[in-house]
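Q: Those letters in the sequence shown? Residues 0 to 474, by numbering that gives the first Met the number 0. For every residue, glycine included, the Cβ atom is placed at its ideal position computed from N, Cα and C.
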Amino acid sequence: MYRSILTYCVLLALPLYGQGRTDSVAEKNKGKSVSINVGLNMVMRGFNRIILKDEYAQINLRSMRTNLKTWPVWDTNRFSTNFIGHPYHGSMYFSSARTNGLGFYQSSSVSMAGSLMWEYLMETKPPSQNDLWATTIGGTALGETLFRFSDLVLDNRTTGLERVGRELLAGILAPTRLITRLTTGEAWRTGQSRGNFLHVPSYWLELYFGETATGTTGSNPSMWRSALGIELLYGELFETVAGKPYDWFRLTGEIRAGNNYLHLTQANTLGLMLNKELLHNNETRVTVGLFQHFNYYDLNGRTNNNTAPVYISEAAAIGPGIIVQKKKDKSTVQFAVHLSGIILGASTSDHFKLEDRDYNFGSGFSLKLSSSLQFKQRLTISLFSEDYFLFSWKGVDDYEVLKQLTINEIDFLNVQGDKSSTMLNLLGLTMKYSLNKRVHVVLRARSFNRNTLYTYFSSVKHSLNELFFGMSVNV
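If you want it as structure tokens, here you go:
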């Protein structure tokens, strides 16, 4: 346990130059941030124990002592719980710290502390190492983007229904920020200024909606779903010398409607940690930087057929990137290349099925390429490719044993899934035509491809294609 804690501390302590530098107008209040996060954990534990009556929430001093002596394991929770639920939980820890005046790296430490408390003291099950990574690092990625997003939403000058709507929306993005505003009275206090924590940069916010058809290669579309998504481009990349992390970032999220349910199909963030401009003239701009990546895809949702789910997770990743932009006449061309090291990722498994697990944990790297052409501010064509290479080295050797395990043995099985290496590819094309300055017609085609090489099984290839047609509106 102590070695794991030391590892997390070292990772967060690497960029020590950021400690103590705050970019918000809030007065630092570490005690309030900690108390809110402790209270958050206690309320969630109480809900799980009293309302849901979950067995893992029936904690006592004995379970705490046992966990404090236990090495973290790979757990068996479902994909959405581990790779979007825990990062969102971590974002709440993070937002609490940011709201109370702490800087980026200090807030990351708060996320780590909240995760350690939950894993070691709030559950009877052994601590989960994937939860520690996802909550701390994934929570930092989501936390900073959602905190800055909420800062764009809040406006202390507004009143009435508009004020209520803004507070509630900001509360969905950053719940602990809403809790803080309620406890201080700022949620209803009016003023002559917006009351932003941060300088408001230029940004591009777009909502899109339409219909999506998906199907495997060589077959007719097997699933039609209505889709609603959001894209936020925060800051000006080529005007930013990143003195603070996430002065520039890109955020994407999409949900789809099924039969009486909503399904989150993707959540993506790309945040600039630091950068350096290599070239700047009238036509060409070139910048290189270090970026934090967070990517989550869960494409199939609930289906009644035997189609394998499409899972891609890059929950904890960081790496370099280079972006080139060239403007001439009324056209703009942009190219980008990103490479990342993946500390924690995941992909679909064809064989490992245990409790809620049907995927493999893994580590590795990713390569992302993108290009776009904008012509006369009317037509934009974008091509993009994402390649993920994940390696699962701690896997099952005897699959027959899985059928005979007790619940306690499953909790301590501690495997990433199948021993395997997986290559994941996302290839896409987007065309957008502007009807006016705010409304656009959007056509998007994407192909998801997986090639998994198993140690004990034959390799498996799987593809899923989708086509989206709809509209987008600038907000």
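1. Going by DSSP, name the residue or residues bridged to Leu401.
2. Three or more beta-carbon pairs under 8 Å between the region 434 to 446 and the region 357 to 374, yes or no?
3. Just verifying my parser: in three-state terms, what is the DSSP assignment at Met470?
4. Compare the Cα-Cα distances from Lys352 to each of Ser312, Trp187, Glu399 and report the closest residue.
5. Is the region 305 to 324 close to the region 332 to 351, with three or more CB pairs under 8 Å?
6. Quick check: the Cα distance between Leu160 and Glu166, rounded to an integer number of angstroms?
7. Can you give me the start and stop residues for the beta strand (DSSP E) that Gln376 sits inside?
8. Tell me, which residues are paired with Trp203 by DSSP?
9. Strictly by DSSP, which residues pair up with Leu145?
10. Expressed to the nearest angstrom, what Euclidean distance is found between the alpha-carbon atoms of Phe360 and Gln415?
11. Curious, which full-length beta strand (DSSP E) runs of at least 3 residues does the region 291 to 373 contain?
12. Is the distance from the Cβ of Thr175 to the Cβ of Ser94 below 7 Å?
13. Given a threshold of 16 other Cβ atoms within 10 Å of its Cβ, counted over all protein chains shown, does Ile296 qualify as buried or as exposed?
14. Suppose you measure from the CA of Arg475 to the CA of Thr183; what does that come to, to the nearest Å?
15. Are the CB atoms of Phe467 and Thr213 within a distance shorter than 7 Å?
16. Quick one: give me the first and last residue of the beta strand (DSSP E) that His85 is part of.
17. Specify the secondary structure class of Gln57 as computed by DSSP and reduced to three states.
18. Val109 by DSSP, collapsed to three states: which one?
19. Please report how far the alpha carbon of Tyr55 lies from the alpha carbon of Thr123, in whole angstroms.
20. Please go through the same chain and pick out, in chain order, the residues whose beta-carbon is closer than 8 Å to the beta-carbon of Asn47, but skip the five residues on each side of it.
21. According to DSSP, Asn274 sits in a beta bridge with which residue or residues?
22. Classify Phe388 as helix, strand or coil using the three-state DSSP reduction.
23. Within its chain, find whatever has a CB closer than 8 Å to the CB of Thr286; leave out the 5 residues flanking it on each side and keep chain order.
24. From Arg255 to Asn267, what does the alpha carbon distance come to, in whole angstroms?
25. Met430 bridges to which residues according to DSSP?
26. Between which two residues does the alpha helix (DSSP H) holding Ala186 run?
27. So, are the CB atoms of Leu271 and Phe293 less than 7 Å apart?
28. With DSSP collapsed to three states, give me the class of Gly30.
29. Would you check if the distance between the CB atom of Ala314 and the CB atom of Gly89 is smaller than 7 Å?
30. Based on the DSSP secondary-structure assignment, which residues constitute the bridge partners of Gln265?
31. Per DSSP, which residues does Gly394 bridge with? Please list them.
32. Beta-carbon within less than 7 Å of Ser32's beta-carbon, same chain only, minus the 5 sequence neighbours each way: which residues are those?
33. Considering only DSSP beta bridges, list what Asn464 is partnered with.
34. When burial is assigned at 16 or more other CB atoms within 10 Å of the CB, is Asn155 buried or exposed?
A: According to the data block:
1. Answer is none; Leu401 lacks a bridge partner.
2. no
3. strand
4. If we check each option's Cα against that of Lys352, Glu399 comes out closest.
5. yes
6. 10 Å
7. That residue, Gln376, is in no beta strand (DSSP E); it is neither H nor E in DSSP.
8. Leu232
9. Paired residues: none, contrary to the question.
10. 5 Å
11. List check, beta strand (DSSP E) in window: 310 to 327, 330 to 347.
12. yes
13. The displayed chain sequence assigns Tyr, not Ile, to residue 296. So Tyr296 ends up on the buried side.
14. Limits of the chain in this structure are 0 at one end and 474 at the other, which puts residue 475 out of reach.
15. No, they are not a contact pair.
16. Looking at the DSSP string, His85 is not in any beta strand (DSSP E); the run it does join, the alpha helix (DSSP H), is 85 to 98.
17. DSSP places Gln57 in coil when its eight states are reduced to three.
18. helix
19. 5 Å
20. Asp53, Tyr55, Ala56
21. Asn274 pairs with Gly288.
22. strand
23. Leu236, Phe237, Asn274, Lys275, Glu276, Leu277, Ile321, Ile322
24. 16 Å
25. Ile380, Leu442
26. Note, Ala186: premise wrong, no alpha helix (DSSP H); not H, not E.
27. no
28. helix
29. Not a contact, by the Cβ cut-off of 7 Å.
30. Glu253, Tyr296
31. Gly416
32. Ser95, Ala96, Asn99, Leu101, Val109
33. Gly214, Ser446
34. Under this definition Asn155 is a buried residue.
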